[in-house]
Structure formats: C-alpha cells, structure tokens
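**Student:** For reference, the structure I am asking about is given below.
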Amino acid sequence: MPFINDRLRDQRVAQGEVDQAAGLEAPDQEGFALAAAGRVNAERIRAQLESRIFGQPLAVDSVYRTMQVIQAGLADRERPLASHLFVGPTGTGKTEIVRQLAATLRSGPDDFCRVDMSALAQEHYAASFAGAPPGYAGSKEGHSVFRRDQVEGELGKPGIVLFDEVEKAHQTVVRALLHVLDHGVLHLANGEQRFNFRNCIVFLTSNLGSREIRDLQQSRPRRWARRHVENASSHLPESARQWLRQRLEGRIHEITQDALEKYFDPEFLNRVDEVTVFSELSQDVALRIAQAELDLVVGRAQTKGVDILLGPEVVRHVAQMGFDASYGGRSIRREVRHTVWPIVARHVITQRLRRLDIPQCQSTVRLSLSAPDRRGQRHVIAAEESTHPLPRNTTTAPGTPGAGPENRKEEESS
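Residue numbering for the sequence shown follows UniProt numbering, beginning at 1 and increasing consecutively.
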C-alpha cells in the first residue's frame, strides 16, 4: 500500500536526521578506505588465490596489485576501490577468483553481490538494475538486483560485486554501468535512492572470443602445437617449446582483445581499471585441479567417519578423463562427481549403518585404478574398504584413523 511505504520512508529520513544531529553519520570515503586498508592483507590474499586458482598467474598478480593499493589506503575515494574485467574461455577460474577473494575479505566464498547479466538481456528487464522510473509499479519501493550490505560493505569489510557475463546485458544496462565505474555511485530511477560503490571492488566477466578460441583449439596446427608444448618428452628443445607457448598465448590474447573492441564502446573499456585475459588450461593445470577436487572429497568423507586413501594413478585418471579444453575445470569437476562421489557415498552410507551396531568403528577406503573393463575401453576406479575399531580411550571423531583391518570388500564403478 503506497501510504505505508510513504510513512516508512518518512521515518527513515527522520531517523537519518536524528543520527546526523547526534554525530552518528556514516564516515566519509577516506574513513572507509582506511578501514578497508586495516582489514586487507595482500600477502594472505595472494596465498589464498594461489592455493585455489591454477594456471592463471596474470589474474592472481592483477588482484594482488589491487589489494596492495587498497591495503596502503591509496585507492581513489571518488571511484570504486578497483574494477577488473576478466575475459576468457569458460571454466578457467574467472568466477572462482572472486569467490576466493570474498572468502578472505568477507564472511565466506558466497558473500558477494552477483548480478547475472544474462537475465538483463531485454530492455524491459533493465528496471531491475536501476529500479523502476517514477509512475511505474515498484518505483517507490526502489527494488533492485543489488544487496546494499554486499555492495557498500561496512567498516573494515569492503563490498564485492560481480557482473557476470556482462556482454549478455542490454546496452541500457551497460550504459548505466558507466557512472558506477567512473564515479562509484548508482542513482535509482525513482530519484530517491542510490547505491554507493566507493567502498566496493567491482568485477566483470565476459566470454567474448570463446567461440573463436575453441575453433582455434580444434584446428590441426593448434593440436600439433599443443601436443608439443605440453609433452615434456617432445623432440623440440625447451627454447622452441617456450617460443611456441608464447605464440599460442599471444594469439588467444589477440582474439580476445579484438572481440572486446568490436563489442564494447571505447568509453566502457576506458573506465575499467584493468582487463585480464584468462589462459586456457593445460594438462598440468588439469592435474592440479583434479587433485584439489579429490582433496575436497577426502575432507568431506572424513567428517562422515570414512578415511579415503587415493593413489596417484587415480588423480591422473580423473584429470585425463575429465579434462576438456573447451569446458575448462568444470569438466573435471563433473568427472569427479560422476565417478568418485558415488563410490564414496556408498561407503559413507554403509559406515553410518554399521555404527548403529558398532559405534566405535572407523572405515578406511582405498581408491585405486583397476585393469580396463571387459570391453577393454577404459580403466575403472576400484574401492577396497577396511573397518577397524577405534582405540579404547578415543571418541568417535570423524576422520580418526585406526589399525587392524577386520572386513574388506571390493566395489567398482566405471
């Protein structure tokens, strides 16, 4: 009901005047910058990113330099703390780097404002970005896609905003971003409210050029070059492999830069602090991603009272079967979800039922790579389980290893 909304707005205005008279007004931008600087630890953030973001040293260094400026309290007080445009193929870590930054600066990896720009592809959906104009439904409420606490942050806790797949938004929305990137303020269409981005780190992602890069990957010269670059036993000398690697990466950067300049207006690109092109993933990076995903399996299983032992051949198998340069790290995650998680889930359920009869017991599951299946087409992951009692004076703590196998069984999953 409109009169209730008007009354609530009047109360908020009156309360703001009381706070200002009592000296409780919000600190100026310098105060926010200094407070953010007190919380930011650039070295700790860099260590966190390097432990979770693989094969993207340029992106990690870019964020690290930004964090150093914020930590020193030198960020521009009239603009967002920083603005980064991440461009590259899907599944290369563009969103993950924002999640890891939120995990370090805020309360968790999902504590940031994520705006799916593909949902704003039509002009009539642009009202959800800057609110409905006066005279339209919802104009007085000032609804928007932003969460104020995640955008404006608070003392010692800068905000983080991710505009995901920005190229899919309508041009009206992209033009509205110009004022955000240049002045750090977004005025809602009703003229009564605004969002302050000056205590916020703004990230934008784009997949422009991905199709051209995929076509390049599938070409015969590209496959030949990639095989020699990633194969340590290649007959090419190291200097030639290094030169070839630089040429391949340079070509990807050229394709991406051309796609950006063709799609976005110069005034948009000129307002972004830094544009970072994400590299395609290599086999070595795929191996590290597979290890990280399997470590996650081990950690979760331990909380359920099951210890998982992994052979190195399992990690290599997951990386080999799951890696696809066109889909990046997500394809490896799917491989783990389809082949490893079901095996572990069966043992967790069995362990839960077993503890109803024997509370003081622990289960250890060893995953290894067996011989190829009957058709001889691919290997399968085999699971060998052993159960053993916990030591007498030990509580049933998840993940506590024991000794003395009592029961074994074999499982296989392709």
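We put the beta carbon where it would ideally sit given N, CA and C, even for glycine.
1. To which residues of the same chain is ASP164 closer than 7 Å at the C-beta, ignoring the five residues directly before and after it?
2. Suppose the cutoff is 6 Å on Cβ atoms and the five residues either side in sequence are ignored; what does the same chain contact list for THR364 look like?
3. Apart from the five residues on each side of it in sequence, which residues of its chain come closer than 7 Å, Cβ to Cβ, to ARG148?
4. Is the region 289 to 303 in contact with the region 95 to 107, if contact means three or more CB pairs nearer than 8 Å?
5. Is VAL348 closer than 8 Å to LYS304 when the C-beta atoms are compared?
6. Give the range of the beta strand (DSSP E) segment to which ARG114 is assigned.
7. Kindly indicate which residue of GLY329, GLN283, ALA345 and GLU267 has the alpha-carbon position closest to the one of ARG300.
8. Could you spell out where the alpha helix (DSSP H) holding ILE70 opens and where it closes?
9. Any idea if ALA240 is buried or exposed, counting beta-carbon neighbours within 10 angstroms, 16 or more meaning buried?
10. Smallest Cα separation from ARG46: which of SER144, GLY73 and VAL98?
11. State buried or exposed for ASN270, treating a residue as buried only when at least 16 other CB atoms are found within 10 Å of its CB.
12. What do you get for PRO158, buried or exposed, if any count of 16 or more other CB atoms within 10 angstroms of its CB means buried?
13. In terms of residues, what are the limits of the beta strand (DSSP E) holding GLY329?
14. Which class does ALA126 belong to by DSSP, given the choice of helix, strand or coil?
15. Quick test of your reading: VAL60 and LEU49, contact by CB under 8 Å. State the CB separation rounded to the nearest angstrom.
16. So, is GLU123 buried or exposed, given that buried needs 16 or more other C-beta atoms within 10 angstroms?
17. Using three-state DSSP, classify THR364 as helix, strand or coil.
18. Applying the 10 Å Cβ sphere with the 16-neighbour rule, what's the burial state of LEU120?
19. Closer than 6 Å by C-beta to VAL298: which residues in its own chain qualify, once you throw out the five before and the five after it? Chain order, please.
20. Tell me whether ARG211 is buried or exposed, calling it buried when 16 or more other Cβ atoms sit within 10 Å of its Cβ.
21. Using 8 Å as the Cβ pair cut-off and three pairs as the minimum, do the region 60 to 78 and the region 171 to 180 touch?
22. Which whole-angstrom value describes the C-beta separation of GLY55 and LEU281, a residue pair presumed to lie in contact below a C-beta threshold of 8 Å?
**Tutor:** Result, derived from the coordinates:
1. To locate residue 164, count along the sequence shown from 1; it is residue 164. Result list for ASP164: THR95, ARG114, VAL115, ASP116, MET117 and THR205, in chain order.
2. As a first step, residue 364 must be located in the sequence shown, where it is residue number 364. These residues qualify, in order along the chain: ASP307 and SER386.
3. Walking along the sequence shown from the start, residue 148 turns up at place 148. The residues PHE195, in chain order, have a CB closer than 7 Å to that of ARG148 in the same chain once the five nearest residues on each side in sequence are set aside.
4. At 8 Å Cβ cutoff, the stretches do not touch.
5. In the sequence shown, the residue the question calls residue 304 occupies position 304. In the sequence shown, the residue the question calls residue 348 occupies position 348. A contact, by the Cβ cut-off of 8 Å.
6. Residue 114 sits at position 114 when you count from the first residue of the sequence shown. In the DSSP annotation of this structure, the continuous segment of the beta strand (DSSP E) that includes ARG114 starts and ends at 113 to 116.
7. Numbered from 1 along the sequence shown, position 300 holds the residue referred to as residue 300. Minimum Cα distance to ARG300 is reached at ALA345.
8. Numbered from its first residue, the sequence shown carries residue 70 at position 70. Counting along the chain, the unbroken alpha helix (DSSP H) around ILE70 starts and ends at 57 to 71.
9. Looking up residue 240 in the sequence shown gives position 240. Classification of ALA240: exposed, given that the 10 Å Cβ count is below 16.
10. In the sequence shown, residue 46 corresponds to position 46, counting from 1. When each option's Cα is compared against that of ARG46, the closest is VAL98.
11. Working through the sequence shown from its first residue, we reach residue 270 at position 270. Exposed.
12. Here residue 158 refers to the residue found at position 158 when the sequence shown is read from its first residue. Using a 10 angstroms sphere on the CB of PRO158, the tally of other CB atoms reaches 16 or more, which defines it as buried.
13. One-based indexing of the sequence shown puts residue 329 at position 329. For GLY329, no beta strand (DSSP E) encloses it; the enclosing alpha helix (DSSP H) starts and ends at 329 to 339.
14. Counting from one through the sequence shown, the residue named residue 126 turns up at place 126. In this structure, ALA126 counts as coil in the three-state DSSP scheme.
15. Here residue 60 is taken as the residue at index 60 of the sequence shown, counted from 1. Here residue 49 is taken as the residue at index 49 of the sequence shown, counted from 1. Cβ atoms of VAL60 and LEU49 come within 8 Å of each other, at about 5 Å.
16. Residue 123 sits at position 123 when you count from the first residue of the sequence shown. GLU123 comes out exposed.
17. Numbered from 1 along the sequence shown, position 364 holds the residue referred to as residue 364. Secondary structure of THR364 (DSSP, three-state): strand.
18. Within the sequence shown, residue 120 is the residue found at index 120, counting from 1. Label assigned to LEU120: buried.
19. Residue numbering aside, residue 298 sits at position 298 when the sequence shown is read from its first letter. Contacts found: ILE308.
20. Numbered from its first residue, the sequence shown carries residue 211 at position 211. If you draw a 10 Å sphere on the C-beta of ARG211, you find fewer than 16 other C-beta atoms in it, and that means exposed.
21. By the Cβ test, the region 60 to 78 is not in contact with the region 171 to 180, since fewer than three Cβ pairs between them sit closer than 8 Å.
22. Position 55 of the sequence shown, counted from the start, is the residue given in the question as residue 55. Position 281 of the sequence shown, counted from the start, is the residue given in the question as residue 281. With a beta-carbon spacing of about 5 Å, GLY55 and LEU281 fall inside the 8 Å limit used to define contacts.
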